[in-house]
Amino acid sequence: MANKKPNHAARLLRITASWVVALIIFFPILWMVLTSFKSELDAFSMPPHFLFTPTLENYREILARANYLHYAWNSIVTAGGATVLGMLLAVPAAYAFAYHPTRKTKDVLLWMLSTKMLPGVGVLVPIYLISRDLNMLDSKTALIIIFALINLPIMVWMIYTYFRDIPYDILEAARMDGAGTWQTMFRVLIPVSRGGLASTALLCLILSWNEAFWSLNLTTTSAAPLTALVASFSSPEGLFWAKLSAVSTLACAPILVLGWLSQRQLVRGLTFGAVK
Amino acid sequence: MSRLEIRKLRKSFEGTDVIKGIDLVVEDREFCVFLGPSGCGKSTTLRLIAGLEEADEGQILLDKDDITDRAVDKRDLAMVFQSYALYPHMTVRENMSFALKLAGAKPLAIDEKVAKAAKILALEPYLDRKPSALSGGQRQRVAIGRAITREPRVFLFDEPLSNLDAALRAQTRLEIARLHQELNATMIYVTHDQVEAMTLADKIAIFSEGRIEQIGSPLELYRRPVNKFVAGFLGMPQMNFMAATAEGGDLRLANGNVLHLPAQIEARGELTLGVRPEHLRVCEDGNGTGETLAGKLTVVERLGSETYAYVDVPGLGTITVRADGDFERRAGRDICIRVDLTHAYVFDATGKAIHHP
Numbered sequence: 001m002a003n004k005k006p007n008h009a010a011r012l013l014r015i016t017a018s019w020v021v022a023l024i025i026f027f028p029i030l031w032m033v034l035t036s037f038k039s040e041l042d043a044f045s046m047p048p049h050f051l052f053t054p055t056l057e058n059y060r061e062i063l064a065r066a067n068y069l070h071y072a073w074n075s076i077v078t079a080g081g082a083t084v085l086g087m088l089l090a091v092p093a094a095y096a097f098a099y100h101p102t103r104k105t106k107d108v109l110l111w112m113l114s115t116k117m118l119p120g121v122g123v124l125v126p127i128y129l130i131s132r133d134l135n136m137l138d139s140k141t142a143l144i145i146i147f148a149l150i151n152l153p154i155m156v157w158m159i160y161t162y163f164r165d166i167p168y169d170i171l172e173a174a175r176m177d178g179a180g181t182w183q184t185m186f187r188v189l190i191p192v193s194r195g196g197l198a199s200t201a202l203l204c205l206i207l208s209w210n211e212a213f214w215s216l217n218l219t220t221t222s223a224a225p226l227t228a229l230v231a232s233f234s235s236p237e238g239l240f241w242a243k244l245s246a247v248s249t250l251a252c253a254p255i256l257v258l259g260w261l262s263q264r265q266l267v268r269g270l271t272f273g274a275v276k
Numbered sequence: 001m002s003r004l005e006i007r008k009l010r011k012s013f014e015g016t017d018v019i020k021g022i023d024l025v026v027e028d029r030e031f032c033v034f035l036g037p038s039g040c041g042k043s044t045t046l047r048l049i050a051g052l053e054e055a056d057e058g059q060i061l062l063d064k065d066d067i068t069d070r071a072v073d074k075r076d077l078a079m080v081f082q083s084y085a086l087y088p089h090m091t092v093r094e095n096m097s098f099a100l101k102l103a104g105a106k107p108l109a110i111d112e113k114v115a116k117a118a119k120i121l122a123l124e125p126y127l128d129r130k131p132s133a134l135s136g137g138q139r140q141r142v143a144i145g146r147a148i149t150r151e152p153r154v155f156l157f158d159e160p161l162s163n164l165d166a167a168l169r170a171q172t173r174l175e176i177a178r179l180h181q182e183l184n185a186t187m188i189y190v191t192h193d194q195v196e197a198m199t200l201a202d203k204i205a206i207f208s209e210g211r212i213e214q215i216g217s218p219l220e221l222y223r224r225p226v227n228k229f230v231a232g233f234l235g236m237p238q239m240n241f242m243a244a245t246a247e248g249g250d251l252r253l254a255n256g257n258v259l260h261l262p263a264q265i266e267a268r269g270e271l272t273l274g275v276r277p278e279h280l281r282v283c284e285d286g287n288g289t290g291e292t293l294a295g296k297l298t299v300v301e302r303l304g305s306e307t308y309a310y311v312d313v314p315g316l317g318t319i320t321v322r323a324d325g326d327f328e329r330r331a332g333r334d335i336c337i338r339v340d341l342t343h344a345y346v347f348d349a350t351g352k353a354i355h356h357p
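Quick mapping for you: the protein sequence lines, in order, are chains L and W.
Residue numbers for the first sequence follow UniProt numbering, beginning at 1 and rising by one.
Residue numbers for the second sequence follow UniProt numbering, beginning at 1 and rising by one.
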């Protein structure tokens with residue numbers, strides 16, 4: 001019984017530490033949401049006010065000034081489309097890498113990942129020119145393709161890792177049972193790895209939703225997603241913290257809710273290979 | 001009818017020959033065991049039969065059909081994997097009916113076949129569980145059940161018991177033997193465990209380095225091994241090998257003893273005398289010449305029903321003797337052992353058996 005006490009203290013310490021870390025991570029979001037309900041004057045005050053009279057003025061003004069639903073719809077279409085397209089490309093690629101490796105597979109995987117190290121701005125001009133020549137400036141299709149491609153290396157890598165954790169025997173058993181390649185994929189491989197696939201898809205969705213660089217450079221109005229709307233509030237007339245916070249809250253809200261609902265799946269997926 | 005014939009089968013991986021020309025016939029309803037050390041090509045041969053690997057050369061015939069290049073799912077074979085390879089997202093019932101569903105069988109027929117297999121394997125209480133909620137032995141039975149429901153022409157088993165603990169292995173071994181009688185089907189079974197091979201097989205094919213060394217019934221292989229490899233691989237503890245040379249039809253051991261075998265030894269050069277531990281006896285009257293060997297008892301393993309005595313004989317190395325369960329001598333003492341020459345084997349320099357009991 002003597003060792004019970006330190007265990008208890010350690011447990012308490014661990015819980016406290018986790019709460020502190022969680023709060024530090026969560027604080028910016030909380031602050032953004034709080035600020036969105038302040039008046040511009042309160043938002044700027046130093047030291048910052050924790051107690052204030054909440055107002056919906058910022059939200060009212062934003063909704064009056066811009067068509068939120070238009071931008072939100074663009075975000076949904078581009079992020080969702082990029083996720084679907086990315087998965088369609090990444091699953092077969094990862095399947096090939098995981099189950100039919102060649103001597104160069106590792107090199108190809110590394111090369112794919114290395115493209116993530118190239119700063120996006122390095123290819124801005126060529127991609128801008130290509131988009132222009134293809135008549136795809138300010139088009140959702142262009143954003144979908146670009147988002148899918150910039151996330152593809154990570155998606156292939158993640159799915160490749162999940163697939164490699166699935167014993168190949170299972171797929172061979174399916175083949176012996178009479179399943180063709182597609183049946184093996186849809187009736188065995190995908191159901192078995194659905195946790196990993198879901199978290200990969202969710203990650204791609206979040207990354208695409210939050211992507212700002214290409215959205216800002218390749219869209220103006222008709223295809224502009226929420227990130228472009230947020231940026232438009234840091235205007236030349238000055239920073240309007242409260243309004244910026246309000247529009248950011250609106251931009252984050254859908255993905256935050258989605259993340260919250262699927263956090264279990266996400267954590268399971270992200271730690272799938274690690275804790276096995 | 002399901003008679004399987006393999007003709008001149010060859011396979012190499014990245015330039016390394018793994019299967020170096022195999023010929024084999026497995027008769028209808030026969031239980032054939034592929035036995036050999038790891039890396040000898042027995043599993044690869046099974047995978048070639050299954051179609052999971054493509055043969056470089058040779059033919060695989062199932063009855064009159066050449067299935068060498070036929071797709072895996074068109075061969076009508078079922079395989080039980082070492083890792084069980086159950087579908088983790090499906091229940092036991094779904095695992096067992098998957099193949100039938102893919103084949104487009106009617107739901108009623110599927111239910112009937114699954115129920116029958118579940119009854120044979122005592123899996124009825126577990127049909128709605130996922131594999132993760134089953135023990136190792138139960139999972140193995142599901143894997144076998146998955147094969148049974150398909151009613152394949154040949155069952156293939158790839159080391160199905162090696163993931164089970166010793167007690168369960170013995171029990172499942174019995175079940176497989178019973179299953180073979182009940183289903184009356186052709187079965188091919190890969191293992192490195194000679195006990196499984198000896199107890200289950202109608203016919204054993206002993207593999208070594210991509211070739212079959214010998215094919216025959218268990219006792220045939222045990223009693224008349226064609227070479228030193230087979231003689232050493234079958235039998236627990238292993239057969240004792242002693243270096244020797246021929247001397248006027250007799251055999252001179254490396255320690256100088258001269259043995260007078262029942263038959264004349266015609267061969268010349270380096271020979272090896274092979275004697276199984278059960279054909280050596282501890283003797284009281286030996287003087288260390290002729291068929292008696294003098295040595296020191298180094299280790300004694302008492303198994304209850306029998307005792308293995310390890311004797312260091314100068315010039316010959318360690319000799320294993322199987323003695324009775326009540327063997328009382330202690331390690332460290334001098335001891336004399338007698339070779340039963342009516343049960344001795346002689347192998348020539350290439351390992352070929354040139355004298356059998």
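Just so it is clear, CB atoms sit at the ideal spot from N, CA and C, and this is done for glycine as well.
Taking the C-alpha atoms as reference points, what is the distance between residue i and residue j?
{"i": "M1/W", "j": "K74/W", "result": "17 Å"}
{"i": "T307/W", "j": "V299/W", "result": "10 Å"}
{"i": "Q238/W", "j": "A231/W", "result": "8 Å"}
{"i": "D76/W", "j": "V195/W", "result": "29 Å"}
{"i": "R67/W", "j": "D17/W", "result": "According to the sequence as given, residue 67/W is Ile; it is not Arg. The straight-line gap from Cα to Cα measures roughly 22 Å."}
{"i": "A142/L", "j": "P131/W", "result": "45 Å"}
{"i": "L175/L", "j": "T181/L", "result": "Here residue 175/L turns out to be Arg, not Leu, going by the sequence shown. Spanning the two alpha carbons is a distance of roughly 8 Å."}
{"i": "R338/W", "j": "L253/W", "result": "14 Å"}
{"i": "A2/L", "j": "A10/L", "result": "Here A2/L scores only 48 on pLDDT, less than 50, and its place in the model should not be relied on; the value that follows carries that caveat. Rounded to whole angstroms, A2/L to A10/L spans 14 Å at the Cα level."}
{"i": "F272/L", "j": "P191/L", "result": "Note that F272/L scores a pLDDT of 47, beneath 50, so its modelled location is shaky and nothing firm can be said."}
{"i": "P88/W", "j": "S208/W", "result": "35 Å"}
{"i": "I188/W", "j": "F157/W", "result": "6 Å"}
{"i": "F147/L", "j": "N210/L", "result": "10 Å"}
{"i": "I25/L", "j": "K42/W", "result": "57 Å"}
{"i": "Q214/W", "j": "A205/W", "result": "6 Å"}
What does residue i touch in chain C if you count any residue whose Cβ is under 9 Å from its own?
{"i": "M187/W", "result": "Looking at the structure shown, chain C is missing, and the protein chains on hand are L and W."}
Are residue i and residue j touching if we call contact CB-CB under 8 Å?
{"i": "I319/W", "j": "N240/W", "result": "yes"}
{"i": "L218/L", "j": "F233/L", "result": "no"}
{"i": "N95/W", "j": "L102/W", "result": "no"}
{"i": "P277/W", "j": "R322/W", "result": "yes"}
{"i": "K38/L", "j": "A242/L", "result": "yes"}
{"i": "L9/W", "j": "G58/W", "result": "yes"}
{"i": "P254/L", "j": "N74/L", "result": "no"}
{"i": "V80/W", "j": "L200/W", "result": "no"}
{"i": "A90/L", "j": "M155/L", "result": "yes"}
Buried or exposed for residue i, please, with buried defined as at least 16 other CB atoms from any protein chain shown within 10 angstroms of its CB.
{"i": "A82/L", "result": "buried"}
{"i": "I29/L", "result": "exposed"}
{"i": "M46/L", "result": "exposed"}
{"i": "S135/W", "result": "exposed"}
{"i": "H260/W", "result": "exposed"}
{"i": "K119/W", "result": "exposed"}
{"i": "Q171/W", "result": "exposed"}
{"i": "F347/W", "result": "buried"}
{"i": "A274/L", "result": "The pLDDT assigned to A274/L is 38, lower than 50, so where the model puts this residue is not dependable; a value taken from the coordinates is nonetheless given after this. Exposed is the call here."}
{"i": "N287/W", "result": "exposed"}
{"i": "P125/W", "result": "exposed"}
{"i": "M117/L", "result": "exposed"}
{"i": "H192/W", "result": "buried"}
{"i": "W260/L", "result": "exposed"}
Could you check which residue in the options has the C-alpha nearest to that of residue i?
{"i": "L229/L", "options": "L63/L, I144/L and G259/L", "result": "L63/L"}
{"i": "A179/L", "options": "C32/W, A99/W, D28/W and L341/W", "result": "A99/W"}
{"i": "A185/W", "options": "V26/W, G332/W and E270/W", "result": "V26/W"}
{"i": "F240/L", "options": "N135/L, T35/L, R164/L and A66/L", "result": "T35/L"}
{"i": "Y84/W", "options": "G145/W, A353/W, R302/W and L251/W", "result": "G145/W"}
{"i": "R3/W", "options": "G41/W, I49/W and S43/W", "result": "I49/W"}
{"i": "P152/W", "options": "G235/W, L62/W and A197/W", "result": "L62/W"}
{"i": "Y160/L", "options": "L256/L, I15/L and A94/L", "result": "A94/L"}
{"i": "A246/W", "options": "G269/W, P262/W, Q181/W and R281/W", "result": "G269/W"}
{"i": "A263/W", "options": "G104/W, D65/W, E328/W and H343/W", "result": "H343/W"}
{"i": "G39/W", "options": "F13/W, K64/W and D28/W", "result": "F13/W"}
Whole alpha helix (DSSP H) elements within the segment 98-125 of chain L, 4-residue minimum | Correct list: 105-114.
Minimum length 3: unbroken beta strand (DSSP E) runs contained in the segment 220-289 of chain W = Qualifying beta strand (DSSP E) stretches, in chain order: 240-247, 250-253, 270-275 and 280-282.
Complete beta strand (DSSP E) runs within the segment 120-165 of chain W (minimum length 3 residues, chain order) | Fully enclosed beta strand (DSSP E) runs of 3 or longer: 154-158.
Which full runs of the alpha helix (DSSP H) of 4+ residues lie inside the segment 4-76 of chain L, going along the chain?
-> The segment 4-76 of chain L contains, as complete alpha helix (DSSP H) runs of 4+ residues, the segments 4-36, 40-44 and 57-65 (chain order).
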